[in-house]
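Residue numbers (the working numbering): 126 to 699. In what follows, a structure is listed as structure tokens, so that the remarks can point back to it.
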Ligand SMILES: [Ca+2]
């Protein structure tokens, strides 16, 4: 097991220069062995140093996928055919303790670009969700404030070209687009025209947040866009995103760049239905022609996955994998492979119905990094790393000093990339969702679910509120839920929405498909788990006097984080 580590900012520039330094030393040895005259050697070394200095700054390809189950990764023994993604883990490194700080799309994505925990979100509408006490609620209510520094803006200022494709799901875009009546014909040229104009509106809006190039963009999930739903164009179209990525790289091959590549796979809508549906349907409506030639055909995906016996629900993982391979092939073709750091990140964990919670199944996620010539292949770092670490990593890599008003909660991963044994690496990771907060070390997890005083209701009030405003309306839309997820009179609040009765989504968290409750301690305020012995967190040890000291230790670790982020957390931090 590696020792722990740290990367403080004063060391940054020195460390950043290490890689070119190696190149110049080996060249210097070659020069001095072949040319004996000292002046010739000096002259040649001067040329060499100039060449190294002129070496382009490395590019960043940040791949952020959506809601991938562990079963979608071949190298993790999943039932999936993903040779390229497996290659990123095997020819690069795979972080065995990779975490997200909030286990749903929007706050996870916000943190990747802002560099800080979502509870620090300065966008005014986020604060509107605070309780009377000021407790923050981390949901899908996240976005950047005007002018707020973020990764693309900082990279842009440092001379990088910045690009985006895929899913945004931050500051809203749906209020800007032109409406389309439900049932409209997407093949009607008039409808096609509106949908193309809407796509332009969405792309222009995203550009305002620091991107020079935005193409093939979705405001949120394809299902969140009422115009896509109205025309049954709420589908995945991987080729559409792949083409945007390739176009961006080709257009910017001579400059350093940062590209945020956010495929909509493997989240909703049904991935297999998209894969086998009309390939002309896209996030900008029906295209004139299907996009061909950028990655293997959909028929080829179906043939290979059929031959490999992949279940239908996992077959689109190969479609995604092909899209990533096409982009990596482009890097090789343009000679950019060694100049490009690739980070692959699944935006939240999907195991044990834990998305939207602070349980391990939701906060543990897949993180890989690949950079030939810098990252030694095959590493399995054990450090606890998190999506807050991406921004400082990219800044160190690019030699960029972030602005003083940019709050960064993470640490650069560059020492780990270089195979160093970092000192003083973090002992625990912090996570937050709804009003649930947690810390996890390598062996222990502590989840706090304290309902603040202003939300305390009598049981009768709670049941009434739930039936009138939450569970009742939910049943009108999904009548099947009454049998599958019956109303729980004794449930106080659900962790994510903090609503009595919960969202449909939250009720999913209480039962596995076999009908057994998977999180029996879901409503307990204090939840302590020994994740080494009990990785699926079935046995809450918080009430067990034997673990009193461990509980206090974890509570203190959590208090440390809670004191540093905005708002109180009554019961732990006032
Ligand atoms: Ca997600």
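Every residue, glycine too, gets a C-beta built ideally from N, C-alpha and C.
Classification of residue i by the beta-carbon crowding that lies within 10 angstroms, buried from 16 upward
i	result
residue 233	buried
residue 683	buried
residue 605	exposed
residue 614	exposed
residue 521	buried
residue 280	buried
residue 631	buried
residue 286	buried
residue 681	exposed
residue 324	buried
residue 639	exposed
residue 668	exposed
residue 688	exposed
residue 534	buried
residue 546	exposed
residue 513	buried
residue 549	exposed
residue 329	exposed
residue 464	buried
residue 197	buried
residue 457	exposed
residue 700	What the structure shows of the chain is the stretch from 126 to 699, and residue 700 is not part of that stretch, so it cannot be assessed.
residue 651	buried
residue 487	buried
residue 579	exposed
residue 700	Lying before the first or after the last residue shown, residue 700 is absent from the chain, which here runs from 126 to 699.
residue 608	exposed
N-terminal and C-terminal residue of the alpha helix (DSSP H) that residue i is part of
i	result
residue 686	673 to 689
residue 487	485 to 488
residue 267	Unbroken run through residue 267: none, as it is neither H nor E.
residue 594	Unbroken run through residue 594: none, as it is neither H nor E.
residue 397	396 to 400
residue 340	Not the alpha helix (DSSP H): residue 340 falls in the beta strand (DSSP E), residues 338 to 343.
residue 448	441 to 458
residue 367	363 to 376
residue 206	No alpha helix (DSSP H) contains residue 206, which DSSP labels as neither H nor E.
residue 181	Residue 181 -> no alpha helix (DSSP H), and no H or E assigned at all.
residue 231	230 to 239
residue 324	314 to 332
residue 499	Per DSSP, residue 499 belongs to no alpha helix (DSSP H) and is neither H nor E.
residue 547	Here residue 547 belongs to no alpha helix (DSSP H), and DSSP marks it neither H nor E.
residue 424	423 to 432
residue 200	Note, residue 200: premise wrong, no alpha helix (DSSP H); not H, not E.
residue 587	584 to 590
residue 355	351 to 355
residue 542	539 to 542
residue 608	606 to 609
Whole-Å CB distance - residue i paired with residue j, under 8 Å assumed
i	j	result
residue 221	residue 505	5 Å
residue 326	residue 301	5 Å
residue 635	residue 653	Not really, about 20 Å apart at Cβ, beyond 8 Å.
residue 446	residue 210	5 Å
residue 229	residue 473	6 Å
residue 530	residue 274	6 Å
residue 346	residue 292	7 Å
residue 381	residue 183	7 Å
residue 207	residue 443	7 Å
residue 368	residue 416	5 Å
residue 572	residue 583	No, residue 572 and residue 583 are not in contact; Cβ-Cβ is about 26 Å, not under 8 Å.
Residue i, enclosing beta strand (DSSP E) - first and last residue
i	result
residue 190	184 to 190
residue 654	651 to 655
residue 465	465 to 471
residue 495	492 to 495
Strand pairing of residue i, partner residues [DSSP]
i	result
residue 698	694
residue 557	562
residue 569	655
residue 407	410
residue 382	286
residue 219	493
residue 620	Its beta-bridge partners do not exist; DSSP assigns none.
residue 387	291
residue 224	489 and 511
residue 642	636
residue 574	561
Cβ-heavy atom distance, residue i to ligand 2, below 8 Å
i	result
residue 392	Although ligand 2 was asked about, the structure shown includes only ligand 1 as ligands.
Go through the residues and name those whose CB comes closer than 5 Å to any heavy atom of ligand 1, in chain order.
191, 192, 230, 472 and 473
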